Ligand code: AR6
């Protein structure tokens, strides 16, 4: 059973005291709007300095930094695809984001993670389709990594919560 380790919560991700929160970043890793802006504002300038040393991140990949002034110990920065209608590899790239975040969590022995709905804000990915991919990849990761205790799916609005509820209900784990 994996779904008992997936929680949908309504929260500002920057307030969560988990091992790592995930940032929906852009390829520069130098900050932006949305959840990225909120994370950088709360984490403080040390986060930006750490991101500068990384030198960017291609779409679909992920990088890890400390959380600095955040209650979370680490930030996993991933770059989701921009939605262009779904024919430019968006589903595969979004799935790769989740997979690469879970790989970093595993290698850093992180047991509690919180995800925003990657790509569904500024990048325009349809929330329902993104939720299906997020839940699918999370179930696979939870099955493989029994040490992963809790994955929080942060719903910043009602539409996102409904999308996750539908994705969780649409198939068995
Ligand atoms: N806590 C949790 N979720 C949030 C928060 C928050 N504080 N703020 C927004 N969200 P977005 P993207 C939700 O636009 O689509 C940035 O400028 C939001 O409602 O943050 O991947 C980057 O630098 C939505 O459900 O990320 C990139 O340029 C989800 O987080 C670009 O935006 C993702 O929305 C990335 O776009």
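In this note's numbering, the protein residues as written are 33 to 205. Ideal placement from N, C-alpha and C gives every residue a C-beta, glycine not left out. The model shown is predicted, which means the values in this text are computed figures rather than measured ones.
From this set, the options, which residue's C-alpha is nearest residue i's C-alpha?
i	options	result
residue 133	183, 43 and 191	183
residue 142	165, 59, 104 and 39	104
residue 87	67, 62 and 101	62
residue 116	89, 85 and 156	156
residue 137	95, 127, 164 and 44	95
residue 110	139, 60, 181 and 73	60
residue 150	140, 56 and 34	56
residue 108	147, 84, 160 and 118	147
Could you give the first and the last residue of the continuous beta strand (DSSP E) run that contains residue i?
i	result
residue 55	52 to 57
residue 134	From DSSP, residue 134 is part of no beta strand (DSSP E) but of the alpha helix (DSSP H) over 122 to 139.
residue 41	38 to 41
According to DSSP, what are the bridge partners of residue i?
i	result
residue 95	109
residue 147	185
Just how far apart, CA to CA, sit residue i and residue j?
i	j	result
residue 194	residue 168	16 Å
residue 158	residue 179	31 Å
residue 47	residue 191	21 Å
residue 69	residue 125	22 Å
residue 154	residue 65	8 Å
residue 187	residue 53	13 Å
residue 43	residue 200	19 Å
residue 205	residue 129	Confidence is the limiting factor: at residue 205 the pLDDT is only 45, short of 50, which leaves the residue's position unreliable, though a coordinate-based value still follows. Taking the straight line from one Cα to the other gives about 21 Å.
Taking residue i as part of the alpha helix (DSSP H), name the residues at either end of that continuous run.
i	result
residue 71	66 to 75
residue 200	190 to 201
residue 171	159 to 176
With three or more C-beta pairs closer than 8 Å as the rule, is the region 157 to 176 touching the region 69 to 82? no
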